[in-house]
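**Q** Dropping the structure in here first, questions after.
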Amino acid sequence: MRAIKVLLVDDHPVVRAGFQRLLDNDSGIDIIAEASSGQEAVEKYFSVCPDVVIMDLSMPSDGSEGDGVQNYGGLEAIRVIRAKDPEAKVLVLTVMESEPFPAHVVQAGASGYLTKRCAPDELLKAVYEVSEGRKYYAESIREMLAPGAADGNSPFNKLTKREFQIFSCLAQGQSAAQIAEKMFLSPKTVHAHRANILRKLGINNNSELVHIAIRHSIVEA
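In full-length UniProt numbering, the protein residues as written are 1 to 221.
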């Protein structure tokens with residue numbers, strides 16, 4: 001039986017090394033490439049064609065462009081990969097386990113969602129399940145994804161999917177022009193979405209937007 005080819009994506013080398021040792025101990029899994037950013041993950045995905053991508057979410061996305069390619073964060077990298085390859089299998093492995101992340105990760109097309117607190121055996125099981133085309137979510141994540149579970153107190157429940165995408169980009173310091181180009185929108189449309197986001201969240205400017213994003217672990221301080 002052919003080993004499952006895995007692309008491991010995390011911006012912390014020590015974390016990648018730890019998960020690589022764990023996965024390499026299983027003869028049915030072969031880590032064929034690693035990436036330290038969302039941009040690199042997109043590039044590596046289409047060069048090595050893995051069976052499964054293990055993707056962190058909390059990777060920096062500074063809004064800059066290198067070699068004409070946007071520096072994606074983890075969530076945006078999932079969207080880009082899935083947009084270009086709808087059959088891509090992405091397993092999220094992250095410290096971020098509170099809403100709104102699970103719902104938006106599922107909407108982006110990820111096949112699984114684990115937290116970095118998971119047991120080693122659960123990670124291995126998830127890789128196998130996802131590689132076979134099945135979904136795998138940690139129990140705590142399944143509870144949040146259950147019907148009606150998203151009706152809690154998260155302020156982001158008020159935002160549409162598009163508004164949350166733009167919120168995340170703004171929180172990462174991206175300009176309206178950069179967001180417009182990436183999402184194939186006009187700058188005027190982006191500004192209109194920004195105004196709706198500020199109104200719905202009860203905030204007044206980008207500084208407050210970044211503050212609420214940090215408070216809810218959407219970006220790192």
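Where a beta carbon is used, it is the ideal one built from N, C-alpha and C, also for glycine.
Kindly give me the distance between the Cβ atoms of Gly28 and Ile4, rounded to whole angstroms, as I take these residues to be in contact under 8 Å.
**A** Here residue 28 corresponds to residue number 28 of the sequence shown, with the count starting at 1. Here residue 4 corresponds to residue number 4 of the sequence shown, with the count starting at 1. Yes, Gly28 and Ile4 are in contact; Cβ-Cβ is about 6 Å, under 8 Å.
**Q** Quick one: using the 10 Å Cβ neighbour count with 16 as the cut-off for buried, is Lys44 buried or exposed?
**A** The sequence position of residue 44 within the sequence shown is 44, counting from 1. So Lys44 ends up on the buried side.
**Q** Which residue comes first and which comes last in the beta strand (DSSP E) that contains Ile24?
**A** Within the sequence shown, residue 24 is the residue found at index 24, counting from 1. What sits at residue 24 in the sequence shown is Asp, not Ile. Premise fails: Asp24 lies in the alpha helix (DSSP H), 13-24, not in any beta strand (DSSP E).
**Q** How about the segment 202-213 and the segment 101-109: do they share at least three Cβ pairs that are nearer than 8 Å?
**A** Flag = no, the segment 202-213 and the segment 101-109 do not touch.
**Q** Give the DSSP-derived three-state secondary structure of Asp85 in the structure shown.
**A** Working through the sequence shown from its first residue, we reach residue 85 at position 85. Coil at Asp85, not helix or strand.
**Q** With distances taken from CA atoms, which of Ala138, Val80, Ala126 is nearest Phe184?
**A** Here residue 184 refers to the residue found at position 184 when the sequence shown is read from its first residue. Per the Cα distances, Val80.
**Q** Name the two residues that bound the continuous alpha helix (DSSP H) containing Leu93.
**A** On the sequence shown, residue 93 is found 93 positions in, with the first residue counted as 1. Careful: Leu93 lies outside any alpha helix (DSSP H), inside the beta strand (DSSP E) at 90-94.
**Q** Thinking C-beta only, is Asp56 closer than 8 Å to Asp11?
**A** As a working note, residue 11 is residue 11 in the sequence shown. As a working note, residue 56 is residue 56 in the sequence shown. For Asp11 and Asp56, yes; Cβs fall inside 8 Å.
**Q** Among Ser140, Ile197, Arg134, Glu132, which has the Cα closest to the Cα of residue 223?
**A** This structure cannot speak to residue 223, because the chain is shown only from 1 to 221.
**Q** First and last residue of the beta strand (DSSP E) that includes Met55?
**A** One-based indexing of the sequence shown puts residue 55 at position 55. Run containing Met55: 52-55, per the beta strand (DSSP E) assignment.
**Q** How far does the alpha helix (DSSP H) with Thr189 in it extend, from its first residue to its last?
**A** Position 189 of the sequence shown, counted from the start, is the residue given in the question as residue 189. 187-201 is the extent of the alpha helix (DSSP H) around Thr189.
**Q** For Leu159, name the three-state secondary structure that DSSP assigns.
**A** Along the sequence shown, read from residue 1 onward, the residue named residue 159 stands at position 159. If DSSP states are grouped into helix, strand and coil, Leu159 belongs with coil.
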